[in-house]
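Mapping of the sequence shown onto this note's numbering: position 200 corresponds to residue 368, and the numbering continues sequentially without gaps.
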Amino acid sequence: MQLEQTFRYWWTQRRQRQILICVALGLLLGLAIAALQYLATDAPLMSLGWPGWLTLLVTALAFVLNAITALPAEIVFLGAVAVLYVSGVLTTAEALQGFSNDGMVTVAVLYFVVTGLQQTGALAWISQQLLGLPKRRTTTFVRLTVPIMVLSAFLNNTPVVAMFIPVVNDWCRKLRISPSKLMIPLSYASIFGGLCTLIGTSTNLVVSGLLVEATDHPGLRIFDLTPVGLPCAIAGLCFLFFGQRWLLPNRKPAMGDLSDVRQYTVEMVVAPRSPLAGKTVEQAGLRHLPGLYLAEIARGQQILPAVSPRELLRENDQLVFVGIVDSILDLQRLRGLSPATDQVFKLDTPRTERRLIEAVVSHTCSLVGKTIREGQFRSRYDAVVLAVARNGDRVQGKVGDIRLRPGDTLLLETHPRFIERQRISNDFYLVSDLPDSEPLRHEKAPIALLILLLMVVLAGVGWLSMLKAAVLAAMLMLITGCCAPTRALQSIEWSVLLVIGAALGISEAMQVTGAAEAIAASFLGIAGSQPLVALAVIYGITTLLTEMITNNAAAALMFPIALSVAQGLGVSYMPFVIAIMIAASASFSTPIGYQTNLMVYGPGGYKFTDFMRIGIPLNLLFWGITVFLAPHIYPF
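Below you can see the structure in the form of structure tokens.
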């Protein structure tokens, strides 16, 4: 009775429940290894030295710590690499090898390219053309995953995901969806696409190269993988579509309760020769911005107070919006809209170097009781007031005619140095910067898109490696002014790069100590003389290794083993080659198995176990489809 009560107490505590699950999984893993040792005649795991067993222990511990603790993933994996390095399992070169890996450096350089696309508004254009603003959750999922899957079939997964992470973040905010509902589908859809063609992922090309070297095969053609990869991709999309509601976490809301946030009144003008002129309010994208509405349009002496979504916009129309600051930032990013006040263009600082800043007027401010125009706000503070919020109510009248009161919150356009100058000033209670609020360089958007296209073409046709193409694109973004150097450096997600580098270090330890090969050999002991069983075992081992080490490393390790198994059984090696390609790329159960999973790990606010919950069923689904289809497409 006492034992039962103790167990119930432990099970009702979330942390203890996670520990119990991990202990149970550890026991099952131990039993599986013991069974494999009994079935395998050469007992390869028993021949491992202490470096191999230490590597297995440290790797397992890293997985458990990620699953049951709140420690950042980069701390856990860096700690694991540190243990392996200090213990002598890894040499200095091997421990640091992951931080000079082409894949990791490519991800770092792509942040520069993505920043250039962001700062020119090119990403917003891509988002509008591909994604739009669907009203239904199912439409949202389809409009994201299908284009990503098609693009990834012919482009490298990494730049596709790198480009769409900020787009999806912005999209989630507008649609009021938690990013955790779409970031995993973004990564998985790119993996699905990569399975459909030979050039979809570098792993396919690696295996094809190994096939040419080891046999007399001329090499796989671009669509040789499609008969197996495409059904897997379609099945994966269907699984995500129907299982997303229950299997994807809802980590944090994209937007909070809009009824409690401060409301700004801001005036924008349709610029001369604006692309918005001649479009309706709805076509211009001004109707569905969350927490924002178009209160009126001033057209010369005419005031349109109740604006219809079918109202045609004209050049020099002055649009009065009321809403929250995030949506006002969206207005600032729209090409063809400018602040209605001409004071913005009188500031000395170039617009590309300015930021949006919020400041709360104090009761000791000398401008209290005066209008913004009377107080000569721009001359006094080298800043322009774009909007005013007062107790959550709309402030009537033009911005320049608003009489300031203590507690008014001002939305300012100014140089970032304003914060340093006014933080200790008595004129404002609070001064805060709005992230990613610099005005966009719309005139350079075509240049940024051409640079992106150049990078894709050069890497896609094989004239340059992905890293060289990305470096060239980053250099062009900086040289042409599409991307500010300081902003590019700030955009780098250092935690993602640290996790990638450290994960590659653990992968290196698994290989140099022979631990990965011993695991593979142990599992192969149960294959027997049945080709279908051997194919299933090869796929399962490759999947397991891919989740622990990199996909390319898993494929390179398993290819010679699979080839020797096929030769020993006297059957065709093609089903095994196809199985290795699918299994090595289909990494869903952990964030460290594939770079795109790591890239969405932070932006989605995920925990390590989130990938297991949705990824393990996906791995099993792909396993079954591949083992069933591969022998039918390429007979034994």
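The beta carbon of each residue, even a glycine, is placed where N, CA and C say it ideally should be.
Among the residues of its own chain, which have a CB less than 7 Å from the CB of residue i, if the five just before and after it don't count?
i: TYR762; result: ILE359, ASN719, SER755
i: ARG455; result: VAL449, PRO477
i: VAL639; result: VAL277
i: ASP498; result: LEU457
i: VAL226; result: ALA248, VAL251, LEU252
i: PRO315; result: LEU298
i: HIS531; result: PRO574
i: THR764; result: ASN325, THR326, VAL329, SER355, SER358, ILE359
What's the call for residue i, buried or exposed, on a 16-neighbour Cβ count within 10 Å?
i: TYR128; result: This structure does not reach residue 128, given that the chain is present from 169 up to 804, and the question cannot be answered.
i: THR259; result: exposed
i: ASP569; result: exposed
i: ASN418; result: exposed
i: PRO743; result: buried
i: THR794; result: buried
i: GLY783; result: buried
i: THR326; result: buried
i: SER355; result: buried
i: TRP414; result: exposed
i: ALA382; result: exposed
i: ARG523; result: buried
i: PHE410; result: exposed
i: ILE496; result: buried
i: PRO771; result: buried
i: VAL254; result: exposed
i: TRP791; result: buried
i: TRP631; result: exposed
i: ASN269; result: buried
i: ASN787; result: buried
i: GLY491; result: buried
i: TRP339; result: buried
i: ILE729; result: buried
i: GLN590; result: buried
Can you name, in chain order, every residue of its own chain whose Cβ lies under 6 Å from the Cβ of residue i, other than the five neighbours on each side?
i: MET634; result: THR274, ASN324, ALA627
i: LEU378; result: PHE727
i: ALA722; result: THR710, LEU713, THR714, ALA752
i: GLY669; result: GLY266, PHE267, MET272
Are residue i and residue j close, meaning C-beta to C-beta below 8 Å?
i: VAL375; j: VAL745; result: yes
i: LYS342; j: LEU416; result: no
i: ILE760; j: ALA671; result: yes
i: ILE465; j: LEU487; result: yes
i: SER753; j: THR365; result: no
i: THR714; j: ALA656; result: no
i: GLU257; j: LEU222; result: At residue 257 the sequence reads Val, which differs from the Glu that was named. Yes, Cβ-Cβ distance for VAL257 and LEU222 is below 8 Å.
i: VAL739; j: PRO699; result: yes
i: LEU554; j: PRO507; result: yes
i: ALA616; j: ALA290; result: yes
i: GLY220; j: ALA683; result: yes
i: MET436; j: LEU505; result: yes
i: ILE294; j: VAL335; result: yes
i: GLY284; j: SER320; result: no
i: GLN287; j: CYS651; result: yes
i: ILE706; j: ILE748; result: yes
i: LEU246; j: LEU239; result: no
i: GLY266; j: GLU611; result: no
i: VAL329; j: VAL768; result: yes
i: VAL438; j: ARG501; result: no
i: VAL281; j: LEU766; result: no
i: ALA551; j: THR582; result: yes
i: ALA463; j: PHE489; result: yes
i: ALA798; j: LEU703; result: yes
i: MET716; j: MET678; result: yes
i: ARG153; j: ASP485; result: The shown model of the chain, from 169 to 804, leaves out residue 153, and the question about it has no answer.
Within the same chain, show all residues whose beta-carbon is closer than 8 Å to that of residue i, passing over the 5 residues directly before and after it, in chain order.
i: ALA276; result: ILE660, LEU665
i: THR306; result: PHE409
Query raised in the report: If you scan the region 513-588 from start to end, which runs of the alpha helix (DSSP H) of 4 or more residues do you find wholly inside it?
Result: If we require 4 residues or more, the alpha helix (DSSP H) runs fully inside the region 513-588 come out as 545-549.
Query raised in the report: How do the region 449-463 and the region 403-415 stand: do at least 3 beta-carbon pairs fall below 8 Å, yes or no?
Result: No, the region 449-463 does not touch the region 403-415.
Report task. Ignoring anything shorter than 3 residues or poking outside the region 274-346, list the beta strand (DSSP E) runs there in chain order. Result -> List check, beta strand (DSSP E) in window: nothing returned.
Query raised in the report: Quick one: any contact between the region 545-558 and the region 569-588, if contact means 3 or more CB pairs under 8 Å?
Result: By the Cβ rule, the region 545-558 counts as touching the region 569-588, because three or more pairs are nearer than 8 Å.
Query raised in the report: What runs of the beta strand (DSSP E), each 3 residues or longer, lie entirely inside the region 460-510?
Result: For secondary structure counted as the beta strand (DSSP E) over 3 or more consecutive residues, the region 460-510 holds these complete runs in sequence order: 460-467, 470-472, 486-491, 505-507.
Query raised in the report: Touch check for the region 350-357 and the region 379-389: three-plus C-beta pairs under 8 Å?
Result: No: fewer than three Cβ pairs fall under 8 Å.
Query raised in the report: Taking contact to mean at least 3 C-beta pairs separated by less than 8 Å, is the region 466-485 in contact with the region 534-554?
Result: The region 466-485 makes no contact with the region 534-554, as fewer than three CB pairs between them are under 8 Å.
Report task. Taking only runs that begin and end inside the region 634-677, name each unbroken alpha helix (DSSP H) of 4 or more residues, in chain order. Result -> Runs of the alpha helix (DSSP H) inside the region 634-677: 634-647, 653-659.
Query raised in the report: Which ranges does the alpha helix (DSSP H) cover as unbroken runs of at least 4 residues, wholly within the region 337-413, from first to last along the chain?
Result: With a minimum length of 4 residues, the continuous alpha helix (DSSP H) runs that stay inside the region 337-413 are 351-362, 370-382.
Query raised in the report: Do the region 590-597 and the region 527-534 make contact, defined as three or more Cβ pairs closer than 8 Å?
Result: Flag = yes, the region 590-597 and the region 527-534 touch.
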